[in-house]
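Start counting the sequence shown at 0; every next residue gets the next number (numbering that gives the first Met the number 0). Even glycine gets a Cβ: it sits at the ideal position worked out from N, Cα and C. In this text the structure is predicted, and so the values were computed from the model without any measurement.
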Amino acid sequence: MTSPAEPAIAGGALAGTAGGVLTIDLAAIVDNWRDLGRRAAPSRCAAVVKADAYGLGAAPVAAALARAGCTTFFVATVDEGIALRAALAPHVDHDRPPATIFLLNGPLPGATDAILAAGLTPVLNSLDDVERWSAAARQRQTVLPAALHLDTGMSRLGLTAGDAARLTEDSTPLEGLALDLVMSHLAVAECPGEAMNERQRLAFRDRAARLPAAALSLANSSGIFLGPAYHYDVVRPGAALFGVQPRREPGATGPMRPVIRLRGRILQVREIDTPETVGYGATYHARGRQRIATVGVGYADGYLRSLSNRSFGYLDGMRVPLVGRVSMDLVTFDVSAVPAAAAVPGAGIDLIGPDNPVDDVADWAGTIGYEILTALGRRYHRVYHGGEGASR
Ligand SMILES: *Cc1c(COP(=O)(O)O)cnc(C)c1O
0 MTSPAEPAIA GGALAGTAGG VLTIDLAAIV DNWRDLGRRA APSRCAAVVK
50 ADAYGLGAAP VAAALARAGC TTFFVATVDE GIALRAALAP HVDHDRPPAT
100 IFLLNGPLPG ATDAILAAGL TPVLNSLDDV ERWSAAARQR QTVLPAALHL
150 DTGMSRLGLT AGDAARLTED STPLEGLALD LVMSHLAVAE CPGEAMNERQ
200 RLAFRDRAAR LPAAALSLAN SSGIFLGPAY HYDVVRPGAA LFGVQPRREP
250 GATGPMRPVI RLRGRILQVR EIDTPETVGY GATYHARGRQ RIATVGVGYA
300 DGYLRSLSNR SFGYLDGMRV PLVGRVSMDL VTFDVSAVPA AAAVPGAGID
350 LIGPDNPVDD VADWAGTIGY EILTALGRRY HRVYHGGEGA SR
């Protein structure tokens with residue numbers, strides 16, 4: 000999986016034979032984690048690595064973060080937690096307790112043994128979850144670790160206001176549980192001016208204060224930027240670790256270091272000599288005397304079809320417009336403005352890179368950077384940088 004070989008950049012041919020090369024900079028992820036940790040200090044900075052670390056590879060990402068000192072991780076599912084525990088095993092520091100892995104989607108019925116075997120800490124998302132996990136503790140005559148999720152405005156998972164009040168009046172359902180964390184989740188954290196942020200914070204503060212003492216956690220990536228009142232004891236960034244900017248200001252470069260570069264391989268360059276259409280649906284009309292480069296990446300690789308006729312690549316630093324529809328395995332760029340010697344089969348076009356970062360591509364596709372990352376396909380030649388140098 001990890002290869003020290005760097006794919007040739009700037010006009011050269013791409014490494015390997017895949018239609019695209021995805022380069023993932025682990026040192027940049029670690030730098031982003033440290034940057035967020037400094038902003039949130041003295042709170043503990045966890046790392047959310049659900050969905051295979053937003054598509055970038057939970058095992059190498061978590062290993063790099065663990066080497067840098069990260070001790071708290073969040074995943075969504077039991078399977079993700081089991082895989083993460085195995086990935087962290089070689090990086091265990093025997094002088095310290097093992098990393099905490101919180102399971103955001105909770106303790107599904109039937110999963111108790113698997114959760115305990117992997118040493119995962121479930122986030123209890125309902126009174127049912129609380130009762131089931133506490134029954135598991137009683138059955139095993141032990142104390143089980145847990146986190147408790149209070150819903151303050153998402154209406155997905157977490158205890159409602161009424162549920163939290165019931166638990167305040169009668170805390171017997173919490174018997175046998177060691178509450179490691181009480182958390183909630185912000186709905187509009189990327190909009191600092193929204194009054195809802197403060198409403199959620201106050202609801203969280205008041206409800207948590209009536210529960211048994213535990214570490215508190217509210218902020219995701221964007222929440223960290225809402226200021227110290229939002230930091231509590233643990234912050235839970237995901238997207239910002241991976242180079243998605245926590246706030247979008249048009250034209251501004253955000254504080255996070257970019258993490259990925261996606262280069263598509265040119266398979267063929269065609270000189271259109273007579274007016275002709277390009278791609279499915281004949282949505283683009285070449286006027287003739289245009290050079291079209293066909294690249295071996297398509298929507299099956301997560302290069303979204305909604306980018307059709309509205310995205311840009313970069314070839315040797317020159318901007319090349321995407322023309323026609325994105326198809327399953329192919330996409331076409333107008334490279335007429337690029338010297339013929341640079342636009343050749345085997346050369347790479349940046350589909351995501353320094354000039355077209357993930358947030359820009361997301362804007363063009365009408366979505367968010369999160370979806371661009373988690374859609375990244377399995378067919379790319381993946382190259383990880385900075386894995387070992389990540390421990391300083
Ligand atoms: C995904 C998730 C996060 C991380 O959110 P980002 O916006 O990616 O930083 C934090 N907390 C919860 C509950 C989540 O589901």
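A straight line joining the alpha-carbon of Arg264 with that of Val330 spans about 10 Å. Leaving aside the five residues that flank Leu119 on each side, the residues in its chain whose CB is nearer than 6 Å to its CB run, in chain order, Gly80, Ile100, Leu102.
Note on the segment 309 to 363: whole beta strand (DSSP E) runs with a minimum of 3 residues are 311 to 314, 317 to 320, 330 to 333, 347 to 351, in chain order. The segment 281 to 290 and the segment 52 to 63 do not touch, with fewer than three beta-carbon pairs separated by less than 8 Å. Annotation for Val47 indicates a beta carbon within 7 Å of some heavy atom of ligand 1.
Under the 10 Å beta carbon count, Val181 is surrounded by 16 or more other beta carbons and is classified as buried. For Met255, the number of other beta carbons within 10 angstroms of its own is at least 16, and it is reported as buried.
In the displayed model, Phe73 falls within a strand according to three-state DSSP. Counting along the chain, Gly263 sits inside no alpha helix (DSSP H); it lies in the beta strand (DSSP E) bounded by residues 259 to 271. Scanning the segment 53 to 115 for uninterrupted alpha helix (DSSP H) segments of 4 residues or longer gives 57 to 66, 77 to 87, listed from N- to C-terminal end. When the five nearest sequence neighbours on each side are left out, the beta carbons in the same chain lying within less than 8 Å of the beta carbon of Val142 are those of Ala136, Gly175, Leu176, Ala177, in order along the chain.
A direct Cα-Cα distance of roughly 33 Å separates Ala346 from Pro245. In terms of Cβ geometry, Ala46 and Ala62 do not form a close pair [threshold 8 Å]. Annotation: the continuous alpha helix (DSSP H) that includes Thr167 extends over 160 to 168. Distance between Val334 and Gly15, taken at the CA atoms: about 23 Å. In this structure Leu13 does not touch His384 by the C-beta definition: roughly 16 Å separates them, more than the 8 Å allowed. Distance from the CA of Arg204 to the CA of Leu217, rounded to the nearest whole angstrom, comes to 10 Å. Here Gly54 is not near Asp300, since their CB atoms are 8 Å or more apart. Beyond the five residues adjoining it in sequence on each side, Thr159 comes within less than 7 Å, by CB distance, of Asp150 in the same chain, given in chain order. Taking the Cβ atoms as the reference, Pro236 lies roughly 5 Å from Leu35, within the contact range of under 8 Å. Here the C-alpha atom of Arg260 lies approximately 49 Å from the C-alpha atom of Thr167.
One thing to note: Val122 has its Cβ no nearer than 8 Å to the Cβ of Ala98.
When C-beta atoms of the segment 107 to 119 are compared with those of the segment 88 to 96, fewer than three pairs fall below 8 Å, so the two segments do not count as touching.
In the structure shown, Ile367 adopts coil according to DSSP, grouped into three states. Contact annotation: Arg84 and Ala117 have beta-carbon atoms nearer than 8 Å.
DSSP places Val129 in the uninterrupted alpha helix (DSSP H) bounded by 126 to 138. When C-alpha distances from Arg198 are compared across Ala207, Arg209, Leu185, the shortest belongs to Leu185. For Ile367, the CB contacts under 6 Å within the same chain, skipping 5 residues up- and downstream, are Ala361 in chain order. Residue environment analysis places Arg155 among the exposed positions, since fewer than 16 neighbouring C-beta atoms fall within 10 angstroms of its C-beta. Taking all protein chains in view, the Cβ of Leu321 is crowded by 16 or more other Cβ atoms within 10 Å, so the residue is classified as buried. One alpha carbon belongs to Leu306, the other to Trp363, and they sit about 6 Å apart. In this model, Ile28 and Asp169 are separated by some 43 Å (Cα to Cα).
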